[in-house]
Amino acid sequence: MTFTAAPQTSQVAFPVSADEMAISVVLVEKIVKQQQLLKQQQGLISTQNQELG
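Okay, structure coming up:
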């Protein structure tokens, strides 16, 4: 009985390089921070509008 090594699945599971993955993670973090800042600004604007009204 012979045993063959299991095929390497890393290429299939992650078809992008580690550098590309790291860049993607950084971009997603930046997008999330921008969305958080936008929500804060919208909250401030609505608060100011309520004070003016």
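Residue numbers for the sequence shown follow my numbering, so the first one is 63 and each next one is one higher. Even glycine gets a Cβ: it sits at the ideal position worked out from N, Cα and C. A quick note: this is a predicted structure, and the numbers were derived from the prediction, not measured.
Name the two residues that bound the continuous alpha helix (DSSP H) containing residue i.
{"i": "S86", "result": "80-114"}
Just the C-alpha distance for residue i and residue j, rounded to the nearest angstrom, thanks.
{"i": "L106", "j": "Q97", "result": "14 Å"}
{"i": "I85", "j": "S79", "result": "10 Å"}
{"i": "T109", "j": "K101", "result": "12 Å"}
{"i": "E82", "j": "I93", "result": "16 Å"}
{"i": "E113", "j": "K95", "result": "27 Å"}
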